[in-house]
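Residue numbers (my numbering): 2 to 130. C-beta: ideal position from N, C-alpha, C; glycine also. Let me begin by presenting the structure, written as structure tokens, before commenting on it.
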């Protein structure tokens, strides 16, 4: 993909939004997921060593592991402090610098593109408002 079509740009400028599907190969998220999974694993290991967690749930997929760990803890705040927060990671940089994504952004704002170097991770767990 090399940017947006004139019709897509018109839709965006008129409606204020645009959904462009299949821009990024899902594998581009693998490194970021591994980085976040390492944070979750460290927190789980610490809780397990402190006797606060009976099961590490290492066999569960990324999308389910944090929920199961969280549900076992009497006080999940230390876990959430480690998981939630501002991160600067190679994985996020890899996503932000994907040529297909940059081409789309350039279509809208021009070639001078700046991105914030960190992102806020906010795990959304069930029954959390």
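Inset, instruction - Specify, as a first and last residue, the run of the alpha helix (DSSP H) that residue 89 falls within. - result: As a first step, residue 89 is located in the chain shown; it is residue number 88 there, counting from the start. Unbroken run through residue 89: none, as it is neither H nor E.
Inset, instruction - Kindly indicate which three-state DSSP category residue 67 falls into: helix, strand or coil? - result: In the chain shown, counting from the first residue as 1, residue 67 sits at position 66. Three-state DSSP puts residue 67 in a helix.
Inset, instruction - From the DSSP output, in three-state form, read off residue 32 for me. - result: The residue given as residue 32 occupies position 31 in the chain shown. Reduced to three states, the DSSP call for residue 32 is helix.
Legend entry - Host beta strand (DSSP E) of residue 122 (start-end): Counting from 1 along the chain shown, the entry for residue 122 is found at position 121. Element bounds for residue 122: 120–122.
Inset, instruction - Give me the Cα-Cα distance between residue 85 and residue 120, rounded to the nearest whole angstrom. - result: To locate residue 85, count along the chain shown from 1; it is residue 84. To locate residue 120, count along the chain shown from 1; it is residue 119. Taking the straight line from one Cα to the other gives about 10 angstroms.
Legend entry - Among 16, 62 and 27, nearest to residue 95 - alpha-carbon criterion: By 1-based counting over the chain shown, the position of residue 95 is 94. It is 27.
Legend entry - Element boundaries [alpha helix (DSSP H), containing residue 105]: Here residue 105 refers to the residue found at position 104 when the chain shown is read from its first residue. Counting along the chain, the alpha helix (DSSP H) containing residue 105 begins and ends at 100–110.
Inset, instruction - Run the CB neighbour count on residue 117, radius 10 Å, all protein chains shown included, and call it buried at 16 or more, exposed below. - result: What you label residue 117 is simply residue 116 of the chain shown in a count that begins at 1. Residue 117 comes out exposed.
Legend entry - Extent of the continuous alpha helix (DSSP H) to which residue 16 belongs: Against the chain shown, residue 16 aligns to sequence position 15. Start and end: 7–16.
Legend entry - Cβ-based burial, residue 98 [other Cβ within 10 Å; buried from 16]: Here residue 98 refers to the residue found at position 97 of the chain shown. It is exposed - the Cβ of residue 98 has fewer than 16 other Cβ atoms within 10 Å.
Legend entry - Check whether residue 74 and residue 54 have beta carbons under 8 angstroms apart: In the chain shown, counting from the first residue as 1, residue 74 sits at position 73. In the chain shown, counting from the first residue as 1, residue 54 sits at position 53. Yes. Within cutoff.
Legend entry - For residue 80, the first and last residue of its enclosing alpha helix (DSSP H): In the chain shown, residue 80 corresponds to position 79, counting from 1. That run of the alpha helix (DSSP H) goes 78–84.
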